[in-house]
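Sequences listed follow chains A and B, in order. Quick note, our numbering runs 13 ahead of the 1-based positions in the first sequence. Quick note, our numbering runs 238 ahead of the 1-based positions in the second sequence. Glycine residues also receive a C-beta, built at the ideal position from the N, C-alpha and C atoms. Read through the structure below, which is laid out as structure tokens, and then see the notes.
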Amino acid sequence: MNLILSIAWTHVTHRARQTLVAIAGVMMGVGFSIMMAAMMEGSQDDFIKTLVDALPHISVTDELREPTRQPAEIVYQAAEFHGLTPEARRPGIKNPMAIIASLQSWVPGALTPSVQSKAVLRFAGRNLTLSIVGIDPRTEVGVSNLATHMRQGTLVSLYRASNAILLGDRLATKIGARVNSNVTLTSAQGAVMTARVVGMFHSGFRVTDETTGYVLLKTAQILEMQTGIVNEIRVRARDPMNARLISERIGEQTGYKSISWQEAQEDLLSTITLRNVLMYTIVGAILLVASFGTYNIISTITHEKIRDIAILKSLGFRNQAIRSIFIIEAGLVGLAGALLGWLLGYLLTWGVASLEFKTPFSDYNHLPVLYTMKHYLLATAVALASSLIAGYFPAHAAARLHPVDIIRGAT
Amino acid sequence: MTPLIEARNVTKILAGTVPVTLVKDINLAIMPREFVAITGPSGSGKSSLLYLLGLLDLPTIGDVLIDGRSTNVMLEDERAEVRLSRIGFVFQFHFLLPEFSITENVALPMRALGGLSARAAASRAEELLSSFGLSDHLRKTPDQLSGGQRQRVAVARALANDPPVILADEPTGSLDTLATSQVFDILRDLVTRGGKTVVAVTHDLNLAARMHRRIHVVDGRIASDEATALAANAQ
Ligand SMILES: Nc1ncnc2c1ncn2[C@@H]1O[C@H](COP(=O)(O)OP(=O)(O)O)[C@@H](O)[C@H]1O
Ligand SMILES: [Mg+2]
Chain A
14 MNLILSIAWT HVTHRARQTL VAIAGVMMGV GFSIMMAAMM EGSQDDFIKT
64 LVDALPHISV TDELREPTRQ PAEIVYQAAE FHGLTPEARR PGIKNPMAII
114 ASLQSWVPGA LTPSVQSKAV LRFAGRNLTL SIVGIDPRTE VGVSNLATHM
164 RQGTLVSLYR ASNAILLGDR LATKIGARVN SNVTLTSAQG AVMTARVVGM
214 FHSGFRVTDE TTGYVLLKTA QILEMQTGIV NEIRVRARDP MNARLISERI
264 GEQTGYKSIS WQEAQEDLLS TITLRNVLMY TIVGAILLVA SFGTYNIIST
314 ITHEKIRDIA ILKSLGFRNQ AIRSIFIIEA GLVGLAGALL GWLLGYLLTW
364 GVASLEFKTP FSDYNHLPVL YTMKHYLLAT AVALASSLIA GYFPAHAAAR
414 LHPVDIIRGA T
Chain B
239 MTPLIEARNV TKILAGTVPV TLVKDINLAI MPREFVAITG PSGSGKSSLL
289 YLLGLLDLPT IGDVLIDGRS TNVMLEDERA EVRLSRIGFV FQFHFLLPEF
339 SITENVALPM RALGGLSARA AASRAEELLS SFGLSDHLRK TPDQLSGGQR
389 QRVAVARALA NDPPVILADE PTGSLDTLAT SQVFDILRDL VTRGGKTVVA
439 VTHDLNLAAR MHRRIHVVDG RIASDEATAL AANAQ
């Protein structure tokens with residue numbers, strides 16, 4: 014073995030108890046950091062996955078990317094116009110089926126047309142405002158998880174009655190409606206119809222489950238009082254992370270406003286970023302605290318070994334060699350701690366993931382965790398770096414010792 | 239002939255509220271194959287002088303030349319290199335590393351200097367130790383040996399890199415009569431048979447008389463520097 018390494022090795026192995034305490038410190042730091050990162054990123058991934066599952070990855074609406082130009086602007090060259098009232102525009106996406114067909118040729122994923130509408134639902138003397146979504150059950154399946162969220166009935170049940178509606182389970186419970194109940198819908202446009210409840214869904218999102226109803230496209234078009242209207246095309250991308258890019262291209266191609274889930278949830282995503290900053294700060298702090306243990310033992314060893322240091326220096330060991338001895342010792346402690354920390358971290362993560370929770374607020378009864386090598390390597394890098402830095406200071410002080418001062422004192 | 243060690247106007251003053259002069263205006267030359275005693279009252283500056291001659295300490299004024307090379311302009315690492323290869327030190331207390339076997343202790347300077355494999359260093363260390371009658375103790379750690387044995391290990395370690403000169407600070411100061419004469423015989427043989435130079439601080443005038451040259455230090459100055467009767471008779 015290399016001389017410096019063997020001296021370092023001898024120092025740490027001859028102080029088994031102190032060394033183990035320092036190693037345990039680093040191990041705890043690395044272990045808990047890994048567990049925390051696994052939990053934080055696990056819950057974040059789970060959250061994003063739920064979000065991504067629940068929302069359309071991309072929503073193309075009938076708003077135009079640029080305001081429509083006034084006919085006068087087209088005809089006359091002028092710097093600016095005043096006093097023109099915007100032209101009343103027929104709502105809805107023009108030629109929706111043609112657009113869908115053309116998008117289908119390149120968009121990696123599935124598309125479906127829908128009609129977003131608002132209506133007041135009246136049942137048993139209660140009035141509630143409802144978001145009505147007109148869907149095409151055949152293509153809806155490829156775009157949303159509505160089909161899997163059905164508690165009663167299926168999407169196809171919508172064909173059972175001439176005006177059929179699927180209600181969120183919370184809404185149904187609130188108003189006391191059941192399957193086959195007849196509810197009255199009054200749209201903003203003034204259309205009034207009686208619809209039969211043919212099914213219930215539970216998405217897990219409270220707002221959706223309390224305020225949304227699904228109907229057929231045709232039914233929603235009647236409520237909007239406009240035949241053939243489609244005011245939203247929803248897209249489910251094969252890779253949700255590509256949604257932003259695809260969304261941009263769709264917007265460019267169609268001229269309609271196209272929003273990816275990332276843009277729609279910008280606030281939430283920036284909260285997640287903030288949460289990550291917090292997490293890494295805390296994890297860093299844990300590892301930093303662990304490095305105090307390393308500092309402690311290296312500092313102790315350099316004090317106990319002050320005479321040995323003087324001997325080595327008087328023999329002709331260079332400062333660099335002396336410094337290396339103690340930095341290597343810190344590295345050994347850090348490395349051993351980190352490797353044991355991997356094991357601890359894995360076990361803790363596994364333990365946390367296997368805990369069962371029963372909460373009335375969520376459908377999940379296990380904490381989501383994420384196993385990734387990234388956490389292990391990152392924690393190791395930080396633990397090693399802080400151990401080495403912690404070791405450097407006492408090592409540097411030891412290397413600068415003047416051997417004569419110690420030798421004189423010893424004789 | 240170039241002196242192995244030469245002190246030119248060496249003065250060492252310790253800075254402080256009351257500056258302490260450890261040695262003053264030292265001029266001396268140590269030639270190859272000399273056997274030199276440094277004597278003087280306790281606190282007269284013998285150890286301080288030895289540290290300066292051995293490059294463990296830097297003079298405040300003056301210069302120490304090793305093989306004719308000035309050392310006060312050297313970098314710390316260069317002085318360390320000279321100590322490692324050209325000078326062997328023996329202290330009053332053995333100053334061996336407690337966790338290592340005596341073989342490892344003796345091999346230490348060889349491995350620090352480099353050039354020898356760990357195995358070659360260990361076998362040379364064993365040879366040295368065996369030549370000092372320690373062949374039965376090669377695997378022992380220092381605390382398993384007697385004071386005299388430990389001091390012989392210290393001499394072996396000083397010889398590790400085969401330096402031309404050994405500096406010893408009261409090497410027998412803490413030993414009983416028997417151990418003292420064993421260690422002294424080793425040092426003398428190093429000069430008479432090994433062709434080494436030995437400079438040893440001692441307060442034992444009988445031992446000093448058995449050496450070849452005696453430098454007497456009083457209050458940090460050289461009071462006298464002359465050949466002993468033994469050396470004079472031999473000529
Ligand atoms: N660090 C120090 N501070 C103050 N005085 C010191 C220090 N080291 C040594 N001395 C003094 O310097 C003088 C010379 O010491 P030393 O060289 O050890 O003498 P010797 O070896 O001859 O006994 C002594 O008087 C000692 O007390
Ligand atoms: Mg002394």
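Residue i beta carbon near ligand 2 (any heavy atom closer than 7 Å)
i, result
"B:K262", "no"
"B:D407", "yes"
"B:V439", "yes"
Check: residue i C-beta below 7 Å from any heavy atom of ligand 1
i, result
"B:G281", "yes"
"B:S286", "yes"
"B:R459", "no"
"B:L252", "yes"
"B:G292", "no"
"A:R421", "yes"
"B:G278", "yes"
"A:F25", "A small correction: the amino acid at residue 25 of chain A is Val; Phe does not occupy that position in the sequence shown. For ligand 1, not one heavy atom lies less than 7 Å from the Cβ of A:V25."
"A:V43", "no"
"B:V274", "no"
"B:V258", "yes"
Burial state of residue i, where buried means 16 or more other Cβ atoms lie within 10 Å
i, result
"A:I87", "exposed"
"A:H27", "exposed"
"A:F13", "Only positions 14 to 424 of chain A appear in the structure, and residue 13 of chain A is not among them; the question remains open."
"B:M239", "exposed"
"B:D295", "buried"
"A:K318", "buried"
"A:Y89", "exposed"
"A:D75", "buried"
"B:T435", "buried"
"A:E54", "buried"
"A:E245", "buried"
"B:G306", "exposed"
Beta-carbon gap between residue i and residue j smaller than 8 Å
i, j, result
"A:A201", "A:N176", "no"
"A:S194", "A:F136", "yes"
"B:G278", "B:K284", "yes"
"A:Q275", "A:A250", "no"
"A:V211", "A:L236", "no"
"B:R271", "B:G433", "yes"
"A:F45", "A:L361", "yes"
"B:V393", "B:V437", "no"
"A:I4", "A:A408", "Since the first and last residues shown for chain A are 14 and 424, residue 4 of chain A lies out of range."
"A:T142", "A:V128", "no"
"B:L413", "B:G386", "yes"
"A:D149", "A:R164", "no"
"A:I259", "A:V73", "no"
"A:G354", "A:S400", "no"
"A:I335", "A:K326", "yes"
"A:A396", "A:V39", "yes"
"B:S373", "B:L366", "no"
"B:I304", "B:T249", "no"
"B:G326", "B:P401", "yes"
"A:H70", "A:S273", "yes"
Whole-Å CB distance - residue i paired with residue j, under 8 Å assumed
i, j, result
"A:I188", "A:R139", "5 Å"
"A:M213", "A:A174", "Actually they do not touch by this definition, with Cβ atoms about 15 Å apart."
"A:H162", "A:S216", "5 Å"
"B:T341", "B:L383", "The pair is not a contact, with the Cβ atoms about 12 Å apart (cut-off 8 Å)."
"B:V439", "B:D407", "5 Å"
"B:L445", "B:T410", "7 Å"
"B:V344", "B:V391", "7 Å"
Residues that residue i contacts on chain E, provided the C-beta gap is smaller than 8 Å
i, result
"B:P347", "Here the protein chains are A and B, and chain E is not one of them."
### Query
Which full runs of the alpha helix (DSSP H) of 4+ residues lie inside the region 359–388 of chain B, going along the chain?
Entirely contained in the region 359–388 of chain B, not one alpha helix (DSSP H) run reaches 4 residues.
### Query
What beta strand (DSSP E) runs, 3 residues minimum, are completely inside the region 79–143 of chain A?
122–136
### Query
Can you list, in chain order, the stretches of the alpha helix (DSSP H) that have 4 or more residues and sit fully within the region 46–78 of chain A?
none
#### Entry: Contiguous beta strand (DSSP E) assignments of at least 3 residues, all confined to the region 185–216 of chain A
195–200 and 205–214
### Query
Taking only runs of the alpha helix (DSSP H) that begin and end inside the region 382–447 of chain B, which ones reach a length of at least 4 residues, in chain order?
Whole alpha helix (DSSP H) segments, 4+ residues: 385–396, 415–430 and 443–447.
### Minimum length 4: unbroken alpha helix (DSSP H) runs contained in the region 300–328 of chain A
319–328
### Task
Taking only runs that begin and end inside the region 331–358 of chain A, name each unbroken beta strand (DSSP E) of 3 or more residues, in chain order.
none
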